[in-house]
Structure formats: structure tokens, C-alpha cells
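Reading through the C-alpha cells given below for one structure.
In this note's numbering, the protein residues as written are 52 to 333.
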């Protein structure tokens with residue numbers, strides 16, 4: 052009998068069974084951090100892109116969470132200025148994957164499978180992940196609350212031919228600062244799921260206090276972080292491993308608590324209109 056998505060989501064929102072090690076990507080020539088399980092061979096790995104003007108330390112909980120579930124998670128600490136290069140960031144994410152597969156990690160009891168790789172990012176980093184996936188085929192892509200980039204990540208999504216997960220916060224759905232709908236609508240092979248995370252703001256994934264909070268940007272949201280971790284971890288475990296326990300998280304028709312899935316672009320526009328009307332009438 053298939054596992055219940057509700058119980059799986061609750062389980063995946065919490066720390067996994069693996070002891071976690073932390074390392075420095077700078078030892079391999081690229082500023083950044085890497086979290087790994089203490090041991091394991093042929094592991095999946097992700098390169099994670101941070102948001103605009105947000106240091107990678109603001110995602111340490113998410114990266115450690117992935118590692119606790121058996122996924123090597125590495126994040127380059129580049130393109131942190133006010134005018135970052137999305138293309139340069141995409142290149143750094145691909146370089147990060149090369150490091151994960153080509154450099155000795157941990158104590159030598161860790162290895163990454165070269166075909167179990169994913170690009171993941173938040174905001175600006177989500178766009179960079181898509182731009183990277185348009186250049187090189189990986190196993191999966193997760194765009195967490197993607198923001199518009201130059202060049203357009205939505206246009207690049209049309210050239211991505213691997214499964215994708217796109218998340219958007221309910222509070223940010225329809226915002227000009229969100230690129231989630233455009234990205235999902237243009238995804239190359241159609242194997243993509245767009246999920247609205249209930250009660251979330253697109254900036255709620257960032258951990259701890261944030262410099263941009265003084266400028267009116269949203270702060271950390273515990274529920275957003277928990278729901279994002281569950282959705283992302285389940286998606287990656289299904290797409291990058293042979294364990295089909297988490298197949299529900301890659302199924303665009305599955306109802307998972309804390310999120311609403313939308314797969315038909317026409318329904319996206321209808322739902323957006325209804326939400327706007329609801330706000331105007333409240």
C-alpha cells in the first residue's frame with residue numbers, strides 16, 4: 052500500500068536519519084559550503100543557488116536538512132552583490148556539481164553518482180538553476196519561489212528537458228516579483244509541477260534575520276521553511292534515487308498538505324483572477 056502523502060510530508064519536514072558533515076567548497080577553488088551525510092556511496096547531490104543579496108548562511112538549515120536525508124547539498128557563495136550575473140551564477144552552480152562528483156568529500160566514505168544530480172535555487176538562485184539546466188542536462192530542477200532574471204529564466208525553461216518542481220508563495224502569487232507561473236508555463240517537456248505553498252511569502256524561505264527586512268522584504272517563516280523542505284526533499288528523493296516511497300512528491304496530481312498543485316496553465320490564470328477578486332472584496 053502506498054504511503055500516505057500527509058504522513059510523508061510530516062516526516063520529511065523534520066530532520067532525516069543521517070549524521071551530517073559540513074565542508075568548505077573553497078578547498079576546491081570555489082567559495083561556498085557543502086553539507087554531506089557522514090557516509091554513503093553513489094549519493095545524489097544538489098547545487099543550491101541563494102537569493103538576491105542573501106548569504107548562503109541563510110540557507111544552512113535547508114542544506115543540512117537535505118544532507119540528513121542522504122543528499123549532498125552544496126552552495127556556491129558567489130554573485131552576492133547588488134548587480135549579480137545570472138549567467139555567471141548558473142556557471143558556478145554547474146561547477147559546484149562538478150566538484151561534488153570529482154572531488155573527494157568528507158573522510159573518503161562518501162561518493163556522488165554522476166547521474167543523480169539536481170540544480171536547486173531560491174529567488175535569483177532559482178532562475179540561475181534553470182539557466183544552468185538549459186545548458187547541461189541534470190536529473191531534476193527545483194525552482195523555489197523564482198524571481199525574474201536577465202536573461203529570462205522563463206525563456207530558458209523552454210529548453211529544460213528534465214522534471215521540475217516550481218514553488219510560489221500564496222502571498223506572492225501573481226506578484227511581478229515572482230516568475231513562477233511563467234517558468235512553469237514554458238517548461239520544456241511539460242514534466243513540471245507548480246505548487247502554491249499555503250500562507251507563504253516568497254522570501255519566507257530565508258532563515259534568520261535579513262538585511263532586506265528593513266526595506267520591507269518579508270522575513271523568515273517557519274511554516275514556509277517546513278513545507279518547502281518536505282516538498283523539495285520528497286521530490287529529490289523520488290527523482291534522484293531508486294526509492295519510490297516518495298513518488299507522490301513527483302506526481303503533479305497528488306494533494307500534499309500545505310500546498311496546492313496547479314498543472315494546467317489556463318487554471319493558473321483563473322485561480323489568480325479569483326484570488327485577486329477575493330482580495331479586492333475583503
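Built from N, CA and C at the ideal position, the CB exists for glycine as well. Computed from a predicted model, the values in this text were never measured in an experiment.
Practice task
Could you check how far apart the C-beta atoms of residue 99 and residue 126 are, in whole angstroms? I think they sit under 8 Å.
Solution key: Yes, residue 99 and residue 126 are in contact; Cβ-Cβ is about 4 Å, under 8 Å.
Problem - Where residue 336 sits in the DSSP three-state scheme - result: A question about residue 336 goes unanswered here, because the residues of the chain that appear run from 52 up to 333.
Handout entry: DSSP state of residue 110 mapped onto helix, strand, coil
Key = Of the three classes helix, strand and coil, the one that applies to residue 110 here is helix, per DSSP.
Practice task
Decide if residue 306 is buried, meaning its Cβ has at least 16 other Cβ atoms within 10 Å, or exposed.
Solution key: Looking at its Cβ environment, which holds fewer than 16 other Cβ atoms inside 10 Å, residue 306 is exposed.
Handout entry: residue 224 classed as buried or exposed, judged by whether at least 16 other C-beta atoms fall within 10 angstroms
Key = With at least 16 other beta carbons inside 10 angstroms of its own, residue 224 counts as buried.
Problem - Where residue 179 falls, given that 16 or more other Cβ within 10 Å makes a residue buried - result: The residue in question, residue 179, is buried, as its Cβ has 16 or more Cβ neighbours within 10 Å.
Handout entry: Sequence-distant residues of its chain with Cβ nearer than 6 Å to residue 160 (five each side left out)
Key = The residues are 90.
Practice task
Go to residue 203, then tell me how far its beta strand (DSSP E) extends in each direction, as first and last residue.
Solution key: Secondary structure note for residue 203: it is in no beta strand (DSSP E), with a DSSP letter that is neither H nor E.
Exercise for the section: Reducing DSSP to helix, strand and coil, say where residue 92 ends up. Expected result: Secondary structure at residue 92: strand, using DSSP grouped into helix, strand and coil.
Exercise for the section: Under the assumption that residue 192 contacts residue 163 (Cβ atoms under 8 Å), give the Cβ distance between them as a whole number of angstroms. Expected result: Cβ-Cβ separation between residue 192 and residue 163: approximately 17 Å, too far for a contact (criterion under 8 Å).
Problem - Beta carbon of residue 296 nearer than 8 Å to that of residue 54 - result: Yes.
Practice task
Determine the extent of the beta strand (DSSP E) in which residue 311 is found, giving its start and end residues.
Solution key: Taken as a continuous stretch (DSSP letters only), the beta strand (DSSP E) holding residue 311 covers 310-313.
Exercise for the section: Tell whether a beta-carbon distance below 8 Å holds between residue 216 and residue 190. Expected result: Residue 216 is not a Cβ neighbour of residue 190, given a cutoff of 8 Å.
Exercise for the section: Starting from residue 75, trace the alpha helix (DSSP H) both ways and give me its first and last residue. Expected result: Per DSSP, residue 75 belongs to no alpha helix (DSSP H); it is in the beta strand (DSSP E), 71-75.
Exercise for the section: Tell me whether residue 267 is buried or exposed, calling it buried when 16 or more other Cβ atoms sit within 10 Å of its Cβ. Expected result: With a pLDDT of 49 at residue 267, under the threshold of 50, the modelled position of that residue is not reliable, and the figure given next carries that caveat. Counting Cβ neighbours within 10 Å, residue 267 comes out exposed, since fewer than 16 surround it.
Practice task
Could you check how far apart the C-beta atoms of residue 202 and residue 137 are, in whole angstroms? I think they sit under 8 Å.
Solution key: Contact holds; Cβ gap of about 7 Å.
Exercise for the section: Compute every distance between the C-beta of residue 149 and the non-hydrogen atoms of the ligand GDP, then say whether any falls below 7 Å. Expected result: The ligand GDP is not part of this structure, which contains no ligands at all.
Handout entry: At least three beta-carbon pairs within less than 8 Å, the segment 111-123 to the segment 65-73
Key = Cβ pair count under 8 Å is three or more, so yes.
Problem - Three-state class that DSSP yields for residue 123 in the structure shown - result: Note: residue 123 maps to strand in three-state DSSP.
Handout entry: Presumed contact (8 Å Cβ cut-off) between residue 97 and residue 287, rounded CB distance
Key = Contact flag correct, Cβ pair sits at about 7 Å.
Problem - Best match in 273, 57, 233, 304 for proximity to residue 250 [C-alpha to C-alpha] - result: When only C-alpha atoms are compared, the closest one is 273.
Exercise for the section: Answer with buried or exposed for residue 153, where buried requires no fewer than 16 other C-beta atoms within 10 angstroms of its C-beta. Expected result: Exposed.
Exercise for the section: Reducing DSSP to helix, strand and coil, say where residue 229 ends up. Expected result: If DSSP states are grouped into helix, strand and coil, residue 229 belongs with coil.
Handout entry: Three-state secondary structure (DSSP) of residue 189
Key = Looking at residue 189 - three-state DSSP - the assignment turns out to be coil, as it is neither helix nor strand.
Exercise for the section: Put residue 62 into one of helix, strand or coil per three-state DSSP. Expected result: Residue 62 falls in the helix class under three-state DSSP.
Practice task
Quick one: measure Cβ to Cβ for residue 107 and residue 128, integer angstroms, because I've assumed they're closer than 8 Å.
Solution key: 5 Å between Cβ atoms; contact.
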